[in-house]
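Colleague: This structure is in structure tokens; I'll ask about it shortly.
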Amino acid sequence: MSDTTGQARRRADARRNEKALLDAAAAVFVASGVEAPVRDIAAAAGVGVGTVYRHFPNRADLVVAVYRHQVEACAEAGAGCLAASTTAYAALTGWIDQFVELLATKHGLAAALRADSAQFDALHAYFVDRLVPVCAELLDAARAAGEIRVDVDAYQLLRAVGNLCIGADTDPRYDARRLVGLLLAGLRARG
């Protein structure tokens, strides 16, 4: 095996380890909060505690990386929804469901970052920059198919969905998914 091949394999292994670590951290954060012990995250990822600290020297670094990882996964899901769905509207609603899941899981992450407003603002800008174009592409496809109204803006739709998700994690009587479903039903083209 050449040195270049070995380096490429190590980089691929490192990326896989980091992805496993971020997925595990996200799951632990949802279950136990962002202050969960690092040993719990390491155990869930199947790595040692040292590996967590080697990738993420402090908790804020890990929280930011988990947030970015989840935003990337949601952004990348847009094309998959469009390819796998029978209609553009189904693709849009499927992706919005994943967006709602992101909002539900990122709530604690965002709260943990609010103390550092510059970092929080940068992450919010990243969130908007990555997800608004995905939503716009799905809306364009649904509009082109004549399945939704033409006066829907991606940023406004994501803000509306986000606003409907506020408080969903603290009030067991509140069903944000149901209200988001009603909002999406209201987008359907009439006649």
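Mapped onto my numbering, the consecutive letters of the sequence shown carry residue numbers 12 to 202. Glycine residues also receive a C-beta, built at the ideal position from the N, C-alpha and C atoms.
Out of curiosity, what's the CA-to-CA distance linking Tyr78 and Leu33?
Modeller: Rounded to whole angstroms, Tyr78 to Leu33 spans 9 Å at the Cα level.
Colleague: To the nearest angstrom, how far is the alpha carbon of Ala84 from that of Ala90?
Modeller: Cα to Cα, the separation comes out at about 11 Å.
Colleague: What does a CB cutoff of less than 7 Å around Ala129 pick up in its chain, not counting 5 residues either side in sequence?
Modeller: Closer than 7 Å at Cβ, skipping near neighbours: no residue.
Colleague: Helix, strand or coil: how does DSSP classify Ile177 here?
Modeller: Ile177 falls in the coil class under three-state DSSP.
Colleague: In the DSSP output, what is Arg199 paired with across the bridge?
Modeller: Answer is Ile159.
Colleague: So, does the segment 134–144 touch the segment 181–193, judging by three or more C-beta pairs under 8 Å?
Modeller: As far as the Cβ criterion goes, the segment 134–144 does not touch the segment 181–193, which means the pair count is below three.
Colleague: Runs of 3 residues minimum, wholly inside the segment 27–67: which ones carry the beta strand (DSSP E) assignment?
Modeller: None, since the segment 27–67 contains no complete beta strand (DSSP E) of that length.
Colleague: When the Cα of Ala42 is compared with those of Phe110, Leu150, Glu148 and Ala115, which residue comes out closest?
Modeller: When each option's Cα is compared against that of Ala42, the closest is Ala115.
Colleague: Whose CA, out of Gly105, Ala71 and Ala200, lies closest to the CA of Leu134?
Modeller: Cα-wise, what sits closest to Leu134 is Ala71.
Colleague: Please list the terminal residues of the continuous alpha helix (DSSP H) segment that includes Arg79.
Modeller: First-last of the alpha helix (DSSP H) with Arg79: Arg70 to Ala95.
Colleague: Out of Leu93, Arg27 and Val82, which one is the CA nearest neighbour of Val111?
Modeller: Minimum Cα distance to Val111 is reached at Val82.
Colleague: Using the rule of at least 16 other Cβ atoms within 10 Å of the residue's Cβ for burial, across every protein chain shown, is Thr97 buried or exposed?
Modeller: Counting Cβ neighbours within 10 Å, Thr97 comes out exposed, since fewer than 16 surround it.
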